[in-house]
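Asks:
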Amino acid sequence: QPNLDPYEKWSGGNLNELIGEYLTLSRNAVTKNAKVVIWPETALPVYLLNGQYYDVLDSIRNFVGTTKIPVLTGMPNFISYFNNEKVPSDAKFSEAGKFYYTNYNAILLFNPDSMRIQTYGKMKLVPFGEHTPFADQLPFLGDLIKWGVGIGGWNIGKDTTNFKLGIRNYELGNAQPTINHQPSTIINAVVCYESIFPELIAAFAQRGSEMIAVVTNDSWYGNTSGPYQHKEISVLRAVENRRSVVRAANGGISCIINPLGITVAETKMYTKDVLVGNVSLNNEKTFYTLHPFIVPVTSSLISLWIFGIFILFKLKGKFKDGKSNVVSLF
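Right, dumping it as structure tokens:
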């Protein structure tokens, strides 16, 4: 939890100082016996994988390689398409480079046993803040609404990608072994706002995720109830799927929530901190995991039934009133 001012971070500060801050905190975590390091949403305000930041990329790889600790981090991601490559329908065109591209509010995983960087693109974007609805069909809408900070105009991620950590399950300090023990730990990670969607988290669990990670930057909320409410939403996701939730937030609240929805460790708001703790893993599919739409559909049907009964009684009352008026005339 680096507790960086989000406006200063996006204003173009010293990138080497920024990565140095993250690596210092990460080394601190390793001394506390951390087996995985998680950084918050858009930890670095650059497209790390577009070929311009080899020194920063190498510093992360060196940390992962020397410590043998995976790093999971929020990060902008950029995919370019040249020549005869199949271009997605929502791709944008770069006039300067003469190529098509898509960009994502993404999560990257660096594993110590592989040079391949696993990626996930955020699927649920904040309307108008991260993505303007219908801007693909009506491009001028994207120009009308701009924050003036950050990247914005993200593309929508396409797949519920689970991450495979290059470590065994028991290495996470797991108090209870996972059901159907797997050769590598499988986790899912979502970005900020995505944690409010129960059906999305259930989709990851259906595909074998054993733990939920949430990378976020709740510092945008300032001194309001927002960060606290957002954190409590993760409690619901833990209980619904019987999964531990680990939140990595820029300015807080970072926390570990067990599968029963109990917060076993957390940081304070607007402090620089490192949180390390044991996380239990589970790949069992709960009833809610398999049927996440039952609650909203049932609730909607009950609401419609109540509304229908209300309307029926209202109409019945009006009919009786009308009948009595007619009788009184004769």
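For the sequence shown, our numbering gives the first residue as 283, with consecutive numbering after it.
By construction, the Cβ of each residue, glycine as well, lies at the ideal position given by its N, Cα and C atoms.
No experiment lies behind these values; they were computed from the predicted model shown.
1) Considering Cα atoms alone, identify which of I478, L297 and E566 is closest to E492.
2) Could you check the C-alpha separation between L586 and F595 for me, to the nearest Å?
3) Can you give the beta carbon distance from M405 to G439, rounded, assuming they're within the 8 angstroms contact cut?
4) If we call anything under 8 angstroms between Cβ atoms a contact, is N444 one with R489?
5) Can you find at least 3 beta carbon pairs, one from the region 503-519 and one from the region 311-320, that sit closer than 8 angstroms?
6) Among the candidates T384, V496 and V353, whose CA atom is the shortest distance from the CA of K368?
7) Which residues in the same chain as E323 place their Cβ atom closer than 6 angstroms to its Cβ, once the five residues preceding and following it in sequence are excluded?
8) So which of P358, V346, N437 and T349 has the shortest CA-CA distance to Y382?
9) Would you report the Cα separation of A495 and A484, rounded to the nearest angstrom?
10) Could you check if I301 is buried or exposed, using at least 16 other CB atoms within 10 Å of its CB as the buried criterion?
11) Using only the alpha-carbon positions, how far apart do W292 and S466 sit?
12) From the DSSP output, read off the bridge partner residues of S526.
13) Please state if the CB of F360 and the CB of N332 are separated by a distance shorter than 8 angstroms.
14) Can you look up Q283 in the DSSP assignment and give me helix, strand or coil?
15) Rounded to whole angstroms, what is the Cα-Cα separation between Q345 and P394?
16) Looking at I535: is its Cβ nearer than 8 angstroms to the Cβ of V546?
17) By the DSSP assignment, the alpha helix (DSSP H) with T348 in it spans what residues?
18) Does H512 pass the burial test, meaning 16 or more other C-beta atoms within 10 Å, or should it be called exposed?
19) For a test of the three-state rule: what should DSSP assign to G533, helix, strand or coil?
20) Out of curiosity, what's the CA-to-CA distance linking P358 and N560?
Replies: Reading from the atomic positions:
1) E566
2) Whole-angstrom Cα-Cα distance: 14 angstroms.
3) 4 angstroms
4) yes
5) no
6) T384
7) G356, V473, C474, V497, T498 and N499
8) N437
9) 13 angstroms
10) buried
11) 35 angstroms
12) Per the DSSP secondary-structure output, S526 pairs in a beta bridge with M493.
13) yes
14) coil
15) Checking the sequence shown, residue 345 turns out to be Phe, not Gln. Using only the alpha carbons, I get a separation of about 9 angstroms.
16) Annotated as distal: I535 and V546, with beta-carbon spacing of 8 angstroms or more.
17) Following the DSSP letters along the chain, one finds T348 inside the alpha helix (DSSP H) bounded by residues Y336 to T349.
18) buried
19) coil
20) 29 angstroms
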